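J.: Sequence positions in the sequence shown follow this note's numbering and run 26 to 107.
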Amino acid sequence: MTISAVADNQGRMDRPAAIAQIREACKNIALQFMKIHPAVPGLVDEETQKECFRCVHEMTVLLETIKKKIGRLERSDDSSLL
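#1: Could you tell me the distance, in whole angstroms, from the CA atom of R48 to the CA atom of Q74?
#2: Determine the direct distance from the alpha carbon of K92 to that of F58, and round the result to whole angstroms.
#3: Confirm, please, whether the CB-CB distance from C51 to L87 is below 8 Å.
#4: Once you ignore the five residues that flank L98 on each side, which residues in its own chain have a CB closer than 8 Å to its CB?
#5: Please check the pair V81 and I61, which I expect to be a contact at CB under 8 Å, by giving their CB distance rounded to whole angstroms.
#6: Since V69 contacts C77 with CB under 8 Å, what's their CB separation in whole angstroms?
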């Protein structure tokens, strides 16, 4: 899916385009995270495995925070139209 970026006079994309681009990037990152989890046991090192699982979990939480924030922003934009 290609996202067209509508730029303002300062070169910034508009909010809907920015939200769409961030949402698409989050989706792609999450898909890549799902590839890490099944590969970790192949490391055959308990300490490294634990740290990898911890870090992937932490990054997933941060990614979900981004998604939640842009969702709230999008909803606030929608409610201002009413």
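Note that the Cβ used here is the ideal one computed from N, Cα and C, for glycine as well.
Keep in mind that this is a model prediction, so the values were computed, not measured.
T.: On the basis of the supplied data:
#1: In the sequence shown, counting from the first residue as 1, residue 48 sits at position 23. In the sequence shown, counting from the first residue as 1, residue 74 sits at position 49. Between R48 and Q74, the C-alpha separation is close to 29 Å.
#2: Taking the sequence shown and counting its residues from 1, one reaches residue 58 at position 33. Taking the sequence shown and counting its residues from 1, one reaches residue 92 at position 67. Computed Cα separation, rounded: 15 Å.
#3: Sequence index remark: in the sequence shown, residue 87 carries index 62 (1-based). Sequence index remark: in the sequence shown, residue 51 carries index 26 (1-based). No, Cβ-Cβ distance for L87 and C51 is not below 8 Å.
#4: Taking the sequence shown and counting its residues from 1, one reaches residue 98 at position 73. These residues qualify, in order along the chain: R40 and I44.
#5: Start at 1 with the first residue of the sequence shown, and residue 81 comes out as number 56. Start at 1 with the first residue of the sequence shown, and residue 61 comes out as number 36. With 8 Å as the limit, V81 and I61 qualify as a contact, their Cβ atoms being about 5 Å apart.
#6: If you number the sequence shown from 1, residue 69 lands on position 44. If you number the sequence shown from 1, residue 77 lands on position 52. At roughly 12 Å, the Cβ-Cβ gap does not stay under 8 Å, so V69 and C77 are not in contact.
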